[in-house]
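Per this note's numbering, the sequence shown starts with residue 7, numbered consecutively.
We treat Cβ as the ideally placed atom computed from N, Cα and C, and that holds for glycine.
Notes follow once the structure below has been shown.
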Amino acid sequence: MNNKLREGFTFTAIGTYSNFFIQIIVQAILSRLLSPKQYFDGSSISHFLKKLRGKYSFE
7 MNNKLREGFT
17 FTAIGTYSNF
27 FIQIIVQAIL
37 SRLLSPKQYF
47 DGSSISHFLK
57 KLRGKYSFE
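Printed below as a string of structure tokens:
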């Protein structure tokens, strides 16, 4: 059981941190491609949707 717990923790950590680093890379690319106004609009909408999804999550 201890081995399965460690394996589950490892896969969860890999999934969490890989998602974090992918988001940083995507944001870095978008910040170079878009104008400051476009980047702000996109990040504002993204932030609003994340908050909305967290508030009304039924998982």
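Beta-carbon proximity of residue i to residue j, cut-off 8 angstroms
| i | j | result |
| --- | --- | --- |
| Y45 | L36 | yes |
Option nearest residue i by Cα separation, candidates the options
| i | options | result |
| --- | --- | --- |
| I30 | K10, E13, S41 and S49 | S49 |
Unbroken alpha helix (DSSP H) run spanning residue i, endpoints
| i | result |
| --- | --- |
| L11 | N8 to L39 |
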